[in-house]
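Q:
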Amino acid sequence: MKKHRVVVIGVGYIGLVHIRELRKLPNVELVGVVDKNQDLAKSVAEQYGVTHYPDSESVLGDPTVDVIHNCTPNREHFPLNKAALLAGKEVLTEKPLALSSKESGELLRLAKERKTRCAVNFCYRYYPVVQEARARIAKGELGVIYNVLGHYLQDWLLYDTDYSWRLEPDLAGSSNILADLGSHWCDLAEFITGLKITEVFADYRTTLPVRRKPQDGEVLTFSKTETTNFKEMSISLEDYGSLLLRFENGARGTFVTSELAAGRKCDIEIEVYGSKSSLAWRHERPSELWLGHRDKANELFFESPLLQDEKTRRYARLPSGHPMGYHDAIYNLFADYYSYLESKNDQSFTEYNFPDFEAGHRGMLILEAALASKEKGTWVSVRS
Ligand SMILES: NC(=O)c1ccc[n+]([C@@H]2O[C@H](COP(=O)([O-])OP(=O)(O)OC[C@H]3O[C@@H](n4cnc5c(N)ncnc54)[C@H](O)[C@@H]3O)[C@@H](O)[C@H]2O)c1
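Every number in this note's numbering is 1 more than the matching position in the sequence shown, counting from 1.
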C-alpha cells in the first residue's frame, strides 16, 4: 500500500490534533512538521520522531512530500494553500479556507485545474449521527424542510484578559467568530439538509472592545496564561453574531454564536424541522440524534455500526454503546480524504462527501454576505 507522506504546518492546538489522528491511518506516514515557533516545532518533531523543517518553503521544495496539512492561523491559509497546489502537493487545510471569496475562488480553480479535490477540516460533519442525519433527510424522512435552527456557543473569550490571534484582523481577516464558529455551523446546516443558504441577514457585536493582551509570548488556542503583564488592545472583530437565513427551498433558519457564553465550552446545536418530522443534534451529547414526531413518541437514536443507514455505518467505528468523539470525527474526515486520494490513483470513483474547497469557498461566500448584510442593514444574497 502506498503511504502518503505528510507534513503538518502549524503545530499549535489543532496541528497537534491532526498529528494524533494522522498517525492512526494505515495509508499515511507523518514525515515532518513546521512551525513559526522553532522551539515548539523542534520539540514536536522530537516527540514524534519526524523531521523538523525550518519553514514551509523547504517542505514545498521536498519532492518526497505528498500532502500538507495547513494548521496555521487564517492569514496563512491562502498563500500556503496556493503555493502548495502550485508545487504539486495535495492539501488538507484548516478553515476558513481563505480571507476572502476572491482568494477561496482562486484556490478552488487551482484545485480543479489540477484535477484534484483538496479538503477543509469542517470536522463536525463526521460524527456518525451527523452523517446519519444527512442520510435520513436525503431519504425524505423529514419531508419538506421548513426550518433550520441552532447555535454555536463557547466561553473561552469571556474575560477581557482572554486573548487570541483570532481577534486581530491582520491574522484572522475581517471576522472573528462568524468566520471561526459560523463557518462550521453553516457548513453543517448545508451538509445535513443538502440545501444551500441563499440569503443572509446578520447582526454582530464586539461586546468587549478593549482587551488586555498577555505580553509574555503567544497564547495558543484554549490555553491559559498566568501572566500579569498585559497590554491594552482595541478590538474591532466580533465576539457575538446572529444570522437569519433563507435556504434555496424557501426554508428559514436562525443561528446564534458567542464566545462569551459562560459554561458553554463547545456547544453546537442544530435542529431541522420538516413537514413530517424533525431531528436535532448537540455536540455536547455527540452520539445521540434526537428524532421528533408529532403523532408518536420521540426517539433518541445512538450511533451504531449496525443500525445506521448503510452509507453511514462505517463512520460508527466502535460497537454500539461505546461513544465516539472529536478525535474520531477528525479521523473519519481524514480517512475519507486519504481514501479519496487512493481512489483517484486507482480510478475507482468512490463517492466521498468530505468538505472540499468547494465547501470552503461556500463558507467564504456566506461569510461575505453576512458582513455585507450587517454593513447595509438588509438581506444580502449569497453569491454562487
Ligand atoms: N476544525 C476545527 O475544529 C478547528 C479547531 C481549532 C482551530 N481551527 C483552525 O486552525 C487554525 C489554527 O488554529 P489554532 O487554534 O491551532 O491556533 P494556535 O494559535 O493554537 O496554533 C497556530 C500555530 O501556527 C503557528 N504559525 C503561525 N504562523 C505560521 C506560519 N507562517 N508558518 C508555520 N506556522 C505558523 C503558530 O506558531 C502556532 O503554533 C485556524 O485557522 C483555526 O480556524 C480549526
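In this text, a Cβ means the ideal position worked out from N, Cα and C, and glycines have one as well.
These figures come from a predicted structure and were not determined experimentally.
In its own chain, which residues sit with a C-beta less than 7 Å from the C-beta of V35, not counting the 5 before and 5 after it?
A: Along the sequence shown, read from residue 1 onward, the residue named residue 35 stands at position 34. Contacts found: V8, I10, A42, Y54, D56, S57, V60.
Q: Considering just the uninterrupted stretch of the beta strand (DSSP E) at R21, what are its terminal residues?
A: Numbered from its first residue, the sequence shown carries residue 21 at position 20. Per DSSP, R21 belongs to no beta strand (DSSP E); it is in the alpha helix (DSSP H), 14 to 23.
Q: Just to confirm, does I10 get its C-beta within under 7 Å of one of the non-hydrogen atoms of ligand 1?
A: Here the question's residue 10 lines up with position 9 in the sequence shown. Answer for I10: yes, Cβ within range of ligand 1.
Q: Judging by CA-CA distance, which residue of P210, K375, E369, S385 is the nearest neighbour of V184?
A: Indexing the sequence shown from 1 puts residue 184 at position 183. The sequence given here has Ser at residue 184, not Val. Of the candidates P210, K375, E369, S385, the one whose C-alpha sits nearest the C-alpha of S184 is E369.
Q: By Cβ distance, which residues of its chain are closer than 6 Å to P287, with the 5 residues on each side in sequence left out?
A: Translated into positions along the sequence shown, residue 287 becomes position 286. Y128, listed in sequence order.
Q: Indicate, with yes or no, if ligand 1 has a heavy atom lying under 7 Å from the CB of Y274.
A: Locating residue 274 in the sequence shown gives position 273, where the first residue counts as 1. Every heavy atom of ligand 1 is 7 Å or more from the Cβ of Y274, so no.
Q: Using only the alpha-carbon positions, how far apart do R283 and A136 sit?
A: Counted from its first residue, the sequence shown places residue 283 at position 282. Counted from its first residue, the sequence shown places residue 136 at position 135. If I take the Cα positions, the gap works out to 17 Å.
Q: Enumerate, from N- to C-terminal direction, the unbroken beta strand (DSSP E) stretches of 3 or more residues contained entirely within the stretch 164 to 220.
A: Complete beta strand (DSSP E) runs here, min 3: 198 to 206, 211 to 215.
Q: So is the beta-carbon of D181 under 7 Å away from any non-hydrogen atom of ligand 1?
A: Position 180 of the sequence shown, counted from the first residue, corresponds to residue 181. Yes; taking the cut-off as 7 Å, the Cβ of D181 has a heavy atom of ligand 1 nearer than that.
Q: Quick check: I193 and I271, are their CB atoms within less than 8 Å of each other?
A: The residue labelled residue 193 in the question sits at position 192 within the sequence shown. The residue labelled residue 271 in the question sits at position 270 within the sequence shown. Yes, Cβ-Cβ distance for I193 and I271 is below 8 Å.
Q: According to the neighbour-count rule (16 or more other Cβ atoms, all chains shown, within 10 Å of its Cβ), is T65 buried or exposed?
A: Along the sequence shown, one-based indexing puts residue 65 at 64. Answer is exposed; the Cβ neighbour count stays below 16.
Q: Helix, strand or coil for H323, going by three-state DSSP, please let me know.
A: Stepping through the sequence shown from its first residue, residue 323 is reached at position 322. Looking at H323 - three-state DSSP - the assignment turns out to be coil, as it is neither helix nor strand.
Q: Counting only the same chain and skipping the five closest in sequence on each side, list residues whose C-beta sits under 7 Å from that of V383.
A: Reading the sequence shown from its first residue, position 382 is the one you call residue 383. Around V383: I198, T199, E200, V201, L366, I367, A370.
Q: In angstroms, rounded to a whole number, what distance separates the CA positions of E260 and N75?
A: For the purposes of this step, residue 260 is taken as the residue at position 259 of the sequence shown. For the purposes of this step, residue 75 is taken as the residue at position 74 of the sequence shown. For E260 and N75, the distance between alpha carbons rounds to 18 Å.
Q: Cα separation between D161 and Y341?
A: Position 160 of the sequence shown, counted from the first residue, corresponds to residue 161. Position 340 of the sequence shown, counted from the first residue, corresponds to residue 341. Each residue's alpha carbon lies about 44 Å from the other.
Q: So H70 is in the alpha helix (DSSP H); what residue range does that whole segment cover?
A: The residue you call residue 70 lines up with position 69 of the sequence shown. Run containing H70: none in the alpha helix (DSSP H); it sits in the beta strand (DSSP E), 68 to 71.
Q: Mind checking whether D268 and L154 have CB atoms under 8 Å apart?
A: The residue labelled residue 268 in the question sits at position 267 within the sequence shown. The residue labelled residue 154 in the question sits at position 153 within the sequence shown. Against a cut-off of 8 Å, the Cβ pair of L154 and D268 comes out as a contact.
Q: Is any heavy atom in ligand 1 found nearer than 7 Å to the beta carbon of T73?
A: The residue you call residue 73 lines up with position 72 of the sequence shown. It does: the Cβ of T73 is within 7 Å (strictly closer) of some heavy atom of ligand 1.
Q: Is it right to say L244 is buried, meaning 16 or more other beta carbons lie within 10 angstroms of its own, or is it exposed?
A: Working through the sequence shown from its first residue, we reach residue 244 at position 243. Its Cβ being crowded by 16 or more others within 10 Å, L244 is buried.
Q: Among N333, A281, L111, which one has its Cα closest to the Cα of H152?
A: In the sequence shown, residue 152 corresponds to position 151, counting from 1. Nearest of N333, A281, L111 to H152, Cα basis: A281.
Q: When you measure from the CB of L100 to every non-hydrogen atom of ligand 1, does any distance come out below 7 Å?
A: Counting from one through the sequence shown, the residue named residue 100 turns up at place 99. Not so, every heavy atom of ligand 1 lies at least 7 Å from the Cβ.
Q: Per DSSP, F303 is paired with what?
A: By one-based count along the sequence shown, residue 303 stands at place 302. For F303, which the question treats as bridged, DSSP gives the partners E289.
Q: Does the Cβ of L41 lie closer than 7 Å to at least one heavy atom of ligand 1?
A: In the sequence shown, the residue the question calls residue 41 occupies position 40. Under cutoff, so the answer is yes.
Q: Going by beta-carbon coordinates alone, are P324 and A317 separated by less than 8 Å?
A: The sequence position of residue 324 within the sequence shown is 323, counting from 1. The sequence position of residue 317 within the sequence shown is 316, counting from 1. Contact flag unset, no.
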